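K.L.:
Counting from 82, one number per residue, gives the positions in the sequence shown under the numbering used here.
Structure provided below as structure tokens; questions to follow.
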Amino acid sequence: MSVPAISSVAPTGYLDQLEAGGAASTDGAAFGAQLAAAVDGISAKQATSSDLAVQAVSGNLDDVHDYTIAATEAAVALELTVALRNKAVDAFNEIMRMQA
């Protein structure tokens, strides 16, 4: 019994940046750039979801599944971002309590 290969997964390119030394910067510029790119990606996912929602309501969307997938991706990305922000705020507050 053989397992089919997964060929629809697109590479992120993150490992290529690590190998090139993109994440080795100590001044925080690389982290800021990655964070800005992540926020831009979330914004793009939400815009795509909104556009597909308008197409679905107006009857111009051929496959409703495209909208469902885009809306779910946008929701999951936003939930992940909120969870990471909450963890970062909690960590900052804990550091501030240690200094007091």
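Where is the CB? At the ideal position from N, CA and C, for every residue including glycine.
Nothing here was measured: the structure is a model prediction, and the numbers come from that model.
When DSSP labels each residue in this structure, what does LEU116 get in the three-state scheme?
P.N.:
DSSP places LEU116 in helix when its eight states are reduced to three.
K.L.:
Which value, in whole angstroms, describes the spacing of the CA atoms of GLY142 and GLU175?
P.N.:
It should be noted that the sequence gives Leu, not Gly, for residue 142. Taking the straight line from one Cα to the other gives about 48 Å.
K.L.:
Out of curiosity, what's the CA-to-CA distance linking GLY122 and ALA158?
P.N.:
The straight-line gap from Cα to Cα measures roughly 9 Å.
K.L.:
Would you kindly work out how many angstroms separate the C-alpha atoms of TYR148 and ALA111, rounded to a whole number?
P.N.:
Straight-line Cα distance between these residues: approximately 33 Å.
K.L.:
If you reduce the DSSP assignment to three classes, tell me which class ALA155 lands in.
P.N.:
The answer is helix: DSSP assigns ALA155 an H, G or I state.
K.L.:
In three-state DSSP terms, what is ALA104?
P.N.:
No answer about ALA104 holds up, because its pLDDT of 48 lies below 50 and its placement is not dependable.
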